[in-house]
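In my numbering, the protein residues as written are 653 to 1060.
For glycine and all other residues, C-beta sits at the position ideal for the given N, C-alpha and C.
Since this is a predicted model, take the numbers as computed values, not measurements.
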């Protein structure tokens, strides 16, 4: 029985960062306020992320930075029980920073973006029914994207950026092994790695108030090399869990293809819609290669079989005064996680989101942007096919945000 429990444990180490819940989509405060639309818009330097092709059409140069403190709240009720277990109140800090520069008369601009498109912070504690699946997860990815954008004609521009990602993860879970000196066994996986990709786009200005954008952000296959694996188990079993130990793994951060439309009218109004197709089907399986194996601790290969997902977004901006812009928006995102594969890192489900925001122009060179987002995930009752954790997850997300923007 002990070997069965441990085999299940290591087969189900959950690096599932590829669900919608870990694609945080917080790369620009103006765009958040408009329901995350931005592919077909010219708003500020965050076009480096939303559409590199639009950067050459920006009328000014930009330096800006923003942060969106994210509070993920999730609850779990085990099948056959009415007791709800909740995640701890912890705040993840996704951020973004952009620089755009080019001579005003030139047909090109250069850009640089630093942003966090994937990440997660979840803490279930040590006393919930799924503790052998997960107790806590802290995942960070930082993308660095140098970009060039070129105006081919007055109505069309293109752009592309090279993407370098540095990712890190710290994952903990209980092990069903204990003695007097170790009241609960624990495993901790901690490591970092890197990957590369690209972000490319086309931007079309029809000169009728309608703008169109098309982008593709590639998959970024992030390789974790020589991560540290720590095991806290009774001394009599330590030989089965070499300390220190290391592991290798790969994290395929999904590609995204987007199309967006923007339309301005009556001098004060701007509306936008975006559609995103996320290529999650690249995530077929989860494999871990441990440097030191034993009869208990073996390398693992575990199927995930994710499906592709879509999100639809819409937003509006209103110029309420010469120095004040108001925004609102919302949308819907489908989950890539099939039934039987839902896990507690972020128990993903189809979700609706609602956003609002504003910009205050302090002077002709300096803006302050504010945003707020609420996401509601549909409740999802599942039995995981590997861990057999069975019950209902309910989750909500709350995200305020602020950015400072300097332009000239």
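Next on the checklist: What does the Cβ neighbour count give for residue 953, buried or exposed, with the cut at 16 atoms within 10 Å?
Outcome noted: exposed
Next on the checklist: Going by DSSP, what residue range makes up the beta strand (DSSP E) through residue 969?
Outcome noted: 961-973
Checklist entry - Would you report the Cα separation of residue 1012 and residue 1019, rounded to the nearest angstrom? => result 6 Å
Item to check | Which listed residue (1035, 765, 969) has its alpha carbon closest to that of residue 995 | outcome: 1035
Checklist entry - Excluding sequence positions up to five away, which residues of its chain have a Cβ less than 8 Å from the Cβ of residue 976? => result 1010, 1011, 1012, 1013
Checklist entry - Where does the unbroken alpha helix (DSSP H) through residue 701 begin, and where does it stop? => result 699-702
Checklist entry - Residue ranges of each beta strand (DSSP E) run of no fewer than 3 residues wholly in the region 920-950, ordered along the chain? => result 921-931, 937-942
Checklist entry - CA-CA distance, residue 778 and residue 787? => result 6 Å
Next on the checklist: For a test of the three-state rule: what should DSSP assign to residue 662, helix, strand or coil?
Outcome noted: Model confidence at residue 662 stands at a pLDDT of 45, short of 50, so the residue's coordinates are unreliable; what they give is reported in the following sentence. Three-state DSSP puts residue 662 in a helix.
Checklist entry - Candidates 775, 754, 968, 1002: which alpha carbon is nearest residue 737's? => result 775
Checklist entry - So what's residue 888 in DSSP terms, helix, strand or just coil? => result helix
Next on the checklist: Output needed for residue 1003: all residues of its chain with C-beta closer than 6 Å, excluding positions within five of it in sequence on either side, in chain order.
Outcome noted: 985, 1027, 1029
Checklist entry - Which residue from 770, 677, 757, 1040 puts its Cα closest to that of residue 711? => result 757
Item to check | Euclidean distance between Cα positions of residue 1007 and residue 969 | outcome: 12 Å
Checklist entry - The beta strand (DSSP E) with residue 797 in it runs from where to where? => result 788-805
Checklist entry - Counting only runs that start and end within the region 695-761, where is the alpha helix (DSSP H) found for 4 or more residues in a row? => result 699-702
Checklist entry - What number of angstroms, rounded off, separates the C-alpha of residue 1005 from the C-alpha of residue 1025? => result 7 Å
Item to check | Minimum length 4: unbroken alpha helix (DSSP H) runs contained in the region 824-870 | outcome: none
Checklist entry - residue 871 and residue 905 look like a contact to me (Cβ under 8 Å); what is the Cβ gap, rounded to whole Å? => result 6 Å
Next on the checklist: Contact defined as beta carbons within less than 8 Å: I believe residue 689 pairs with residue 907. What is the distance between those atoms, to the nearest angstrom?
Outcome noted: Not quite, the Cβ-Cβ distance comes to about 20 Å (not below 8 Å), so this is no contact.
Item to check | DSSP-derived helix/strand/coil call for residue 771 | outcome: strand
Checklist entry - With contact counted as at least three CB pairs below 8 Å, one residue from each stretch, are the region 945-964 and the region 913-930 in contact? => result yes
Checklist entry - In chain order, what residues of the same chain have a beta carbon less than 6 Å from the beta carbon of residue 699, not counting five sequence neighbours either side? => result 706, 707
Item to check | residue 684, enclosing alpha helix (DSSP H) - first and last residue | outcome: 681-685
Item to check | Buried versus exposed call for residue 735 [16 or more other C-beta atoms within 10 Å across all chains shown] | outcome: exposed
Next on the checklist: At the level of alpha carbons, what is the spacing between residue 744 and residue 727?
Outcome noted: 18 Å
Item to check | Distance between residue 892 and residue 687 (C-alpha atoms, nearest Å) | outcome: 50 Å
Checklist entry - With C-beta atoms as the reference, is residue 799 less than 8 Å away from residue 764? => result yes
Checklist entry - Taking buried to mean at least 16 other C-beta atoms within 10 Å of its own C-beta, is residue 657 buried or exposed? => result Its pLDDT being 39, under 50, residue 657 is placed unreliably by the model, and nothing is read from it.
Item to check | Option nearest residue 1015 by Cα separation, candidates 1056, 704, 948 | outcome: 1056
Checklist entry - Is it true that the CB of residue 877 sits closer than 8 Å to the CB of residue 853? => result no
Checklist entry - Cα-Cα, which of 681, 724, 901 is closest to residue 873? => result 901
Item to check | DSSP bridge partner residues for residue 814 (one or two, in chain order) | outcome: 850
Next on the checklist: For the beta strand (DSSP E) containing residue 1028, name the first residue and the last one.
Outcome noted: 1018-1035
Next on the checklist: Looking only at its chain, what residues have a beta carbon closer than 6 Å to the beta carbon of residue 914, apart from the 5 residues adjacent to it on each side?
Outcome noted: 692, 693, 863, 924
Item to check | Length of the line joining the Cα atoms of residue 761 and residue 768 | outcome: 23 Å
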